[in-house]
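Position in the sequence shown (first residue = 1) + 574 = the numbering used here. Even glycine gets a Cβ: it sits at the ideal position worked out from N, Cα and C.
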Amino acid sequence: MSINPTRAAQEQALIAQTRPFATEHQATSWLHVLSTLGILAAGFAVAGAAPWWPVRLAGSLFTAGMLIRTFILFHDHMHGSLLRGSKPGKALFSVLGVLMLTPPRVWAATHNHHHANTGRLSARPEGTFTLWTVQQWRAASLKARVAYVLERHPVTMAMGLLTVFVFGLCLIPFVRDPRKNLSAGLAALVHVALTVGVISLFGVQTYLFAMLVPMVLAYAFGSYLFFVQHNFEEALVREESDWSHAAGAVEASSYLSLGPVGHWFSGNIGYHHVHHLNPRIPFYRLPEAMEAIPALQDARVARLTPREVWKSLTRLDLWDHQAGRFVSFREARPTA
């Protein structure tokens, strides 16, 4: 790797500017954690016990949003940015990781790899959606192409509860190495036990409103959220010789503007370029960091408008390193 020394110095200076924000206030962190879990419990109660089904459905939608926020708190803790060094915090999030189908050991291994290789063409696609170049697509077998299309397909994301979490984070790692990934098997077992327990004790309707609908919606949106934050029109992916951590953070990670309500439910994960530049910044300090550092304000933007969502799912299929942009499968066809 041979990066221009001036560029390398500028990138190191940018990372240094983020360090003052990589300190948490544990009282603030506990306030966010306990209030989130309390509100989540209230959402489950409304979804499971309200006397009128429209209220229960509204409770399901609200609970889905709270599950996303709870997941981001777990995500931050695993990065060491939330409740760092807290034994009660570690115990709490270890339990939450199993309950939310994100076994800590598997999540840490795959997600840390993702952070270490964002925007890097030569990296293994562990912990992220696979991205091929046009050349890789043209050289691949039919079987490999089908697998690639299925992995990035909208239906795969819509079924994220099963495809990404139950299978991707729990069953497959457990089958590969049961001893190392015991918590992954435990997470799948606990999920089945909770399903059977809720149906047996409270009935199918309660299971649908309080468990299935919230989880399906939260995990579908979460899967797409993870996809779009690195697969968007303005993203720039670099060859190995030109890649750096800072470049991957600010060029291959988006700023996803969700508005105050959306940012609250998503735990500010839309400030993704800031998070990737320094994952030790607590989620509640990401807006503060972006506001204070001018270089982070000129962000590459992804949007959740219907047009942009459709485009990200149907047109940004492969990376054309010669053109320096995403292209569709149709554009990747060899010209006569």
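CA-to-CA distance, phenylalanine 795 to alanine 582, given in whole angstroms: The alpha-carbon of alanine 582 is positioned some 36 Å away from that of phenylalanine 795.
Between the CA atoms of arginine 750 and leucine 743 - distance to the nearest angstrom: Leucine 743 and arginine 750 have their C-alpha atoms roughly 11 Å apart.
Limits of the unbroken beta strand (DSSP E) element including tryptophan 893: In the DSSP assignment, tryptophan 893 falls within the beta strand (DSSP E) that extends over 892–894.
C-beta contact flag for serine 668 and glutamine 600 at 8 Å: Not closer than 8 Å, so no.
Cα-Cα separation between leucine 588 and alanine 866, rounded to whole angstroms: Computed Cα separation, rounded: 12 Å.
Whole-angstrom distance between serine 655 and glycine 622, CA atom to CA atom: Looking at the two C-alpha atoms, the distance is approximately 33 Å.
N- and C-terminal bounds of the alpha helix (DSSP H) containing phenylalanine 618: From DSSP, the alpha helix (DSSP H) with phenylalanine 618 extends over 600–623.
Local conformation of phenylalanine 903 per DSSP, three classes: Here phenylalanine 903 sits in coil by DSSP.
Three-state secondary structure (DSSP) of leucine 830: DSSP places leucine 830 in strand when its eight states are reduced to three.
Backbone CA spacing between phenylalanine 748 and asparagine 578 [nearest angstrom]: Rounded to the nearest angstrom, the two C-alpha atoms are 43 Å apart.
Rounded Cβ spacing between leucine 860 and histidine 850 (contact assumed at less than 8 Å): Contact between leucine 860 and histidine 850 is absent: CB atoms are separated by about 11 Å, not below the 8 Å threshold.
CA-to-CA distance, tyrosine 781 to alanine 823, given in whole angstroms: Cα to Cα, alanine 823 sits roughly 40 Å from tyrosine 781.
Bridge-paired residues (DSSP) for tyrosine 845: For tyrosine 845, which the question treats as bridged, DSSP gives the partners Tyr829.
Under the three-state DSSP convention, the category valine 811 falls into: The answer is coil: DSSP assigns valine 811 none of H, G, I, E or B.
Which listed residue (Ser696, Pro856, Phe739 and Ser827) has its alpha carbon closest to that of valine 790: Ranking Ser696, Pro856, Phe739 and Ser827 by Cα distance to valine 790 puts Phe739 first.
Aspartate 727, buried or exposed, once every other Cβ within 10 Å from all chains shown has been counted against 16: The residue asked about is misnamed: residue 727 is histidine in this sequence, not aspartate. Of the residues assessed, histidine 727 falls on the exposed side of the cut-off, its CB having fewer than 16 other CB atoms within 10 angstroms.
Tyrosine 793 - containing alpha helix (DSSP H), residue span: 787–802 is the extent of the alpha helix (DSSP H) around tyrosine 793.
Residue interval of the alpha helix (DSSP H) (run including valine 883): 880–888 is the extent of the alpha helix (DSSP H) around valine 883.
N-terminal and C-terminal residue of the alpha helix (DSSP H) that glutamate 865 is part of: Its alpha helix (DSSP H) spans residues 860–866.
Alpha-carbon to alpha-carbon, phenylalanine 595 and leucine 641: Their Cα atoms are separated by approximately 26 Å.
Secondary structure of threonine 974, DSSP reduced to three states: Here the chain comprises residues numbered 575 to 910, so residue 974 is not present and cannot be evaluated.
Whole-Å CB distance - glutamate 813 paired with histidine 895, under 8 Å assumed: By a beta-carbon distance limit of 8 Å, glutamate 813 contacts histidine 895. Their separation comes to about 6 Å.
Boundaries of the alpha helix (DSSP H) in which serine 634 is found, first to last residue: 627–653 is the extent of the alpha helix (DSSP H) around serine 634.
For valine 875, the residue or residues it bridges with in DSSP: Paired residues: Tyr829.
8 Å Cβ cutoff met for leucine 756 and tyrosine 793: Taking 8 Å as the Cβ cut-off, leucine 756 and tyrosine 793 do not qualify as a contacting pair.
Under the three-state DSSP convention, the category threonine 707 falls into: Correct three-state label for threonine 707: strand.
Serine 840 vs glutamine 803 beta-carbon contact at 8 Å: No, these two residues do not count as a Cβ contact at 8 Å.
Proline 856 burial status per 10 Å Cβ neighbour count (16 or more: buried): By the 10 Å Cβ count, proline 856 comes out buried.
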